[in-house]
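Colleague: For the protein sequence lines, the chains are L and B, in the order given. Oh and the first sequence: position 21 is 21 in the working numbering, straight run, nothing missing. Oh and the second sequence: position 96 is 96 in the working numbering, straight run, nothing missing. Note that beta-carbon positions come from the ideal geometry of N, C-alpha and C, so glycine has one too. The structure's right below; bear with me while I get my questions together.
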Amino acid sequence: MKCQTVILELSNYLDAELDAATRAEIERHLTACEDCRIVVDTTRKTIEIFCGAEPLPLSEDVRDRLHSALAQRLRRRPS
Amino acid sequence: MTNPLPNKGSKAPAPGVIPGGDGEAQLVAAAQRGELAAFDELVRRYERRIFRLARNITQNREDAEDVMQEAFLKAYEHLGDFEGNSRFYTWLVRIAVNQGLMKLRKRRPNVLSLDEELETEDDVMPREVQDWGPSPEQRYQHSELAGILDEAIHSLEPGFRVVFQLRDIEELSTEDTARVLGLSTPAVKSRLLRARLKLRNKLNRLFRGSPPK
Numbered sequence: 001m002k003c004q005t006v007i008l009e010l011s012n013y014l015d016a017e018l019d020a021a022t023r024a025e026i027e028r029h030l031t032a033c034e035d036c037r038i039v040v041d042t043t044r045k046t047i048e049i050f051c052g053a054e055p056l057p058l059s060e061d062v063r064d065r066l067h068s069a070l071a072q073r074l075r076r077r078p079s
Numbered sequence: 001m002t003n004p005l006p007n008k009g010s011k012a013p014a015p016g017v018i019p020g021g022d023g024e025a026q027l028v029a030a031a032q033r034g035e036l037a038a039f040d041e042l043v044r045r046y047e048r049r050i051f052r053l054a055r056n057i058t059q060n061r062e063d064a065e066d067v068m069q070e071a072f073l074k075a076y077e078h079l080g081d082f083e084g085n086s087r088f089y090t091w092l093v094r095i096a097v098n099q100g101l102m103k104l105r106k107r108r109p110n111v112l113s114l115d116e117e118l119e120t121e122d123d124v125m126p127r128e129v130q131d132w133g134p135s136p137e138q139r140y141q142h143s144e145l146a147g148i149l150d151e152a153i154h155s156l157e158p159g160f161r162v163v164f165q166l167r168d169i170e171e172l173s174t175e176d177t178a179r180v181l182g183l184s185t186p187a188v189k190s191r192l193l194r195a196r197l198k199l200r201n202k203l204n205r206l207f208r209g210s211p212p213k
């Protein structure tokens, strides 16, 4: 398997969406190819960092505007 | 040997928010009975994530505020249609994405062309390959890291950014992402791969090699 094929299958590999044979072939390649192993590891880390990043708190004025808009418009709704 | 990511369903949620957990079903049921306090609790629980999503779609704070407000209002108006077949948060994300895309198309019709061909074959291969060491994100303060991630994701083209946001941050399935964005499943997969590699390249410039002294 070529490095380019590993990269093209990278998302499917990380998302566990490959058949067993292709997966085994990629893992054999990763055992021998340090560059691809680093790309796989750092791409996985990239996803984990973004996924685990806590959203910044809303500023007070944004929160106030949201809650007053909702309060105003929801109160107006006919029950 | 390197391990794949855990399945989407088992991935850890962002700190401080547990979409789907902590009595969400009871809150949704109470909100469906008309209890505004329950709906307000759902808003407080998800406002930060929905605002981040809206800002990543619109790239504009003012538009993002409008989108967030409209998304919560629409969710409230249509609570009766929510049957609990998915997580409430996933349902809310779909509403927010639709509102965000509508806002973009209305205000700047040429900005977000989700169906255009974005990728070329030669942008796929990573050019710089260096290990990051363990926990490279811990070299930065929380707010500094947040700024780095914000800048990195905003530097992506909209067609990549929104796909990455929905698949990897909001954890929608490939099929849901395709449905919400009006793209084919192969297009979502292709953009997700390229978005991930582009973001890896951007973080690589900061994280590669030894930590700064």
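Does DSSP put Leu30 (chain L) in a helix, in a strand, or in coil?
Modeller: Looking up residue 30 (chain L) in the first sequence gives position 30. Helix at Leu30 (chain L).
Colleague: Distance, Cα to Cα, Glu83 (chain B) vs Glu171 (chain B)?
Modeller: In the second sequence, residue 83 (chain B) corresponds to position 83, counting from 1. In the second sequence, residue 171 (chain B) corresponds to position 171, counting from 1. Their Cα atoms are separated by approximately 20 Å.
Colleague: Give the range of the alpha helix (DSSP H) segment to which Pro186 (chain B) is assigned.
Modeller: Counted from its first residue, the second sequence places residue 186 (chain B) at position 186. Segment 185-207, the alpha helix (DSSP H) holding Pro186 (chain B).
Colleague: My output table needs one value for Asp66 (chain B): the three-state DSSP class, helix, strand or coil.
Modeller: One-based indexing of the second sequence puts residue 66 (chain B) at position 66. Of the three classes helix, strand and coil, the one that applies to Asp66 (chain B) here is helix, per DSSP.
Colleague: Taking C-beta pairs closer than 7 Å, name the residues in chain L that Gln141 (chain B) reaches, listed in chain order.
Modeller: Your numbering for residue 141 (chain B) matches position 141 in the second sequence. Simply none; closest approach about 13 Å.
Colleague: In whole angstroms, what is the alpha-carbon distance linking Arg107 (chain B) and Arg55 (chain B)?
Modeller: Within the second sequence, numbered from 1, the residue matching residue 107 (chain B) stands at position 107. Within the second sequence, numbered from 1, the residue matching residue 55 (chain B) stands at position 55. Near 15 Å, if we compare the C-alpha coordinates of Arg55 (chain B) and Arg107 (chain B).
Colleague: How should Ser11 (chain L) be labelled, buried or exposed, when 16 other C-beta atoms within 10 angstroms of its C-beta is the threshold for buried?
Modeller: As a position in the first sequence, residue 11 (chain L) is number 11, starting the count at 1. It is buried - the Cβ of Ser11 (chain L) has at least 16 other Cβ atoms within 10 Å.
Colleague: Using a Cβ-Cβ cutoff of 7 Å, what residues of the segment 173-197 of chain B are near chain L? List them in chain order.
Modeller: Of all residues in the segment 173-197 of chain B, Lys189, Leu192, Leu193, Arg196, Leu197 have a Cβ within less than 7 Å of some Cβ in chain L.
Colleague: Tell me which residues of the segment 36-51 of chain B have at least one Cβ-Cβ distance to chain L shorter than 8 Å, keeping chain order.
Modeller: Within the segment 36-51 of chain B, the qualifying residues are Leu36, Phe39, Asp40, Val43, Glu47, Arg48, Arg49, Phe51.
Colleague: Under the three-state reduction of DSSP, which class applies to Glu41 (chain B): helix, strand or coil?
Modeller: In the second sequence, counting from the first residue as 1, residue 41 (chain B) sits at position 41. Three-state result, Glu41 (chain B): helix.
Colleague: Relative to the C-alpha of Leu53 (chain B), which candidate in B:Phe207, B:Tyr140, B:Asp168 has its C-alpha closest?
Modeller: Within the second sequence, numbered from 1, the residue matching residue 53 (chain B) stands at position 53. Out of B:Phe207, B:Tyr140, B:Asp168, B:Asp168 has the C-alpha closest to the C-alpha of Leu53 (chain B).
Colleague: Below 7 Å between beta carbons: does that hold for Arg103 (chain B) and Val67 (chain B)?
Modeller: Here the question's residue 103 (chain B) lines up with position 103 in the second sequence. Here the question's residue 67 (chain B) lines up with position 67 in the second sequence. Checking the displayed sequence, the identity of residue 103 (chain B) turns out to be Lys instead of Arg. Cβ atoms of Lys103 (chain B) and Val67 (chain B): closer than 7 Å.
Colleague: Just how far apart, CA to CA, sit Gln165 (chain B) and Thr22 (chain L)?
Modeller: Position 165 of the second sequence, counting from 1, holds the residue named residue 165 (chain B). Position 22 of the first sequence, counting from 1, holds the residue named residue 22 (chain L). Taking the straight line from one Cα to the other gives about 27 Å.
Colleague: Does the CB of Ala146 (chain B) have a neighbour CB from chain L at under 7 Å?
Modeller: Locating residue 146 (chain B) in the second sequence gives position 146, counting from the first residue. Cβ-Cβ to chain L under 7 Å: yes for Ala146 (chain B).
Colleague: Between Asn204 (chain B) and Glu54 (chain L), what straight-line distance do the alpha-carbon atoms span, to the nearest angstrom?
Modeller: For this step, residue 204 (chain B) is matched to residue 204 along the second sequence. For this step, residue 54 (chain L) is matched to residue 54 along the first sequence. Answer to the nearest angstrom: the Cα atoms are 21 Å apart.
Colleague: Please compile the residues from chain L whose C-beta is within a distance smaller than 9 Å of the C-beta of Asp22 (chain B).
Modeller: Translated into the one-based positions of the second sequence, residue 22 (chain B) becomes position 22. Ordered by position in chain L, no residue passes the 9 Å Cβ test against Asp22 (chain B), which lies about 16 Å from the chain.
Colleague: Could you please tell me which residues of the segment 20-42 of chain L, in chain order, have their CB closer than 9 Å to any CB of chain B?
Modeller: For the segment 20-42 of chain L, which is checked against every Cβ of chain B, the residues closer than 9 Å are Arg23, Glu27, Leu30, Thr31, Glu34, Asp35, Cys36, Arg37, Ile38, Val39, Val40, Asp41, Thr42.
Colleague: What span of residues does the alpha helix (DSSP H) with Phe88 (chain B) cover, start to end?
Modeller: Within the second sequence, residue 88 (chain B) is the residue found at index 88, counting from 1. Per DSSP, Phe88 (chain B) belongs to the alpha helix (DSSP H) from 88-107.
Colleague: Of all the CB atoms in chain L, is at least one closer than 7 Å to the CB of Gln69 (chain B)?
Modeller: Working through the second sequence from its first residue, we reach residue 69 (chain B) at position 69. Gln69 (chain B) counts as touching chain L.
Colleague: What do you get for Ser190 (chain B), buried or exposed, if any count of 16 or more other CB atoms within 10 angstroms of its CB means buried?
Modeller: Numbered from its first residue, the second sequence carries residue 190 (chain B) at position 190. Ser190 (chain B) is buried by the Cβ-count criterion.
Colleague: I'd like to check one pair, Ile95 (chain B) with Ala64 (chain B): are the Cβ atoms closer than 7 Å?
Modeller: Working through the second sequence from its first residue, we reach residue 64 (chain B) at position 64. Working through the second sequence from its first residue, we reach residue 95 (chain B) at position 95. Against a cut-off of 7 Å, the Cβ pair of Ile95 (chain B) and Ala64 (chain B) comes out as no contact.
Colleague: Let me check understanding here. Comparing Cα to Cα, which of B:Trp91, B:Val43, B:Asp81 lies closest to Gln32 (chain B)?
Modeller: Taking the second sequence and counting its residues from 1, the one referred to as residue 32 (chain B) is at position 32. The shortest Cα separation from Gln32 (chain B) among B:Trp91, B:Val43, B:Asp81 belongs to B:Asp81.
Colleague: Quick one: measure Cβ to Cβ for Leu73 (chain B) and Leu70 (chain L), integer angstroms, because I've assumed they're closer than 8 Å.
Modeller: Counted from its first residue, the second sequence places residue 73 (chain B) at position 73. Counted from its first residue, the first sequence places residue 70 (chain L) at position 70. Indeed they touch by this definition, with Cβ atoms about 7 Å apart.
Colleague: Which class does Ser143 (chain B) belong to by DSSP, given the choice of helix, strand or coil?
Modeller: Against the second sequence, residue 143 (chain B) aligns to sequence position 143. The answer is helix: DSSP assigns Ser143 (chain B) an H, G or I state.
Colleague: Buried or exposed: Asp176 (chain B), going by 16 or more other Cβ atoms within 10 Å of its Cβ?
Modeller: In the second sequence, counting from the first residue as 1, residue 176 (chain B) sits at position 176. Burial call: buried.
Colleague: Note down the Cα distance separating Arg28 (chain L) from Ala152 (chain B), rounded to an integer number of angstroms.
Modeller: Your numbering for residue 28 (chain L) matches position 28 in the first sequence. Your numbering for residue 152 (chain B) matches position 152 in the second sequence. C-alpha separation (whole angstroms): 32 Å.
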